[in-house]
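In my numbering, the protein residues as written are 264 to 427.
Printed below as a string of structure tokens:
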């Protein structure tokens, strides 16, 4: 199993990016909007992945509130001279994800339009919807194999968008 850096380096040999996972369970876009000002100065990288939404979907967060939270984060990243990377929320078998995530992904599409500097991350919705066998028995998260595919999807998107 290869790391994100190794997956990039395999296809773009002059690049071996350092990647830092800041993911913390149970966070929502509101947490991100509140804490981005604390987190961002601690991160020396140029590209900032903003990958929120599954927990928002599980709570059926109002799509406008979700958009506003993301906009706070995107604006903070851009103001810091960095580039935000935003993927679509992953598809899951959980009924609340299926019910509420499409509207949130629609808001992500609106962010792409309003902020053309956003780098489009993987479309996890479409990918996992087409590969439901990669979702774990909790009906929310990728399975162990699915997490490997998740990492590959990130690498493929960055190879297309950043390491051309």
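Glycine included, C-beta positions come from ideal geometry on N, C-alpha and C.
In the three-state scheme derived from DSSP, where H, G and I count as helix and E and B as strand, residue 356 is classed as coil. Out of 358, 300 and 320, the CA that lies nearest to the CA of residue 343 is found in 300. Proximity to residue 294 across 340, 271, 318 and 275 peaks at 318, based on C-alpha coordinates. From the listed residues 354, 387, 402 and 370, the smallest Cα separation to residue 418 is found for 387.
DSSP lists 349 as the beta-bridge partner residues of residue 383.
Between residue 310 and residue 348, the C-beta spacing is below 7 Å. DSSP, read as helix, strand or coil, puts residue 405 in strand.
Every unbroken stretch of the beta strand (DSSP E) spanning 3 or more residues and falling wholly within the segment 270-350 is given here in chain order: 310-312.
DSSP, read as helix, strand or coil, puts residue 264 in coil. Going by beta carbons, residue 382 and residue 346 fall inside the 7 Å limit.
Residue 308 is positioned such that its CB atom lies no closer than 7 Å to that of residue 350. Proximity to residue 390 across 416, 368, 376 and 375 peaks at 416, based on C-alpha coordinates.
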